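Residue numbers (this note's numbering): 668 to 761. Each remark here refers to the structure printed beneath this line.
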Amino acid sequence: MTNPTVRTARYSARHPWRALIGWILLVALCLAAEGGLQLRPLERIVVQAAPGTGPFDRAEADAAARDVVARMRRLPEALSVADPVADARPPRRL
């Protein structure tokens, strides 16, 4: 029993056009299969206080997050929109 690599090389040497066409078909098949495996774009939005506007207002940030979620859900391009998640860290003082 010979090594599969040696058998493939021997076949390619004996049938060069078949091997070439086989490789071209393999590459075309891989490119065609890759077309359906595209990752969907992901958007993450961070709500924070603008510089120089004073302390972080949690209620205002929650309202802004709800507004963004509502607007995103109305977009026909958006397949799904998750609920907002608050950061686990306490707000920093500027």
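All C-beta atoms, glycine included, are put in the ideal place defined by N, C-alpha and C. This structure is a prediction, so every number in the text was calculated from the model and none was measured.
7 Å CB neighbourhood of residue i in its chain, flanking five on each side removed
i    : result
V735 : I712
Element boundaries [alpha helix (DSSP H), containing residue i]
i    : result
S679 : P671 to R681
V736 : R725 to R741
Proximity below 7 Å, CB of residue i to CB of residue j
i    : j    : result
V748 : R741 : no
V714 : A731 : yes
A717 : F723 : no
For residue j and residue i, believed in contact at Cβ under 8 Å, the rounded distance
i    : j    : result
R685 : L746 : Incorrect: roughly 44 Å between the Cβ atoms, too far for contact.
Neighbourhood of residue i by C-beta, 6 Å cutoff - its chain only, sequence neighbours within 5 removed
i    : result
E710 : none
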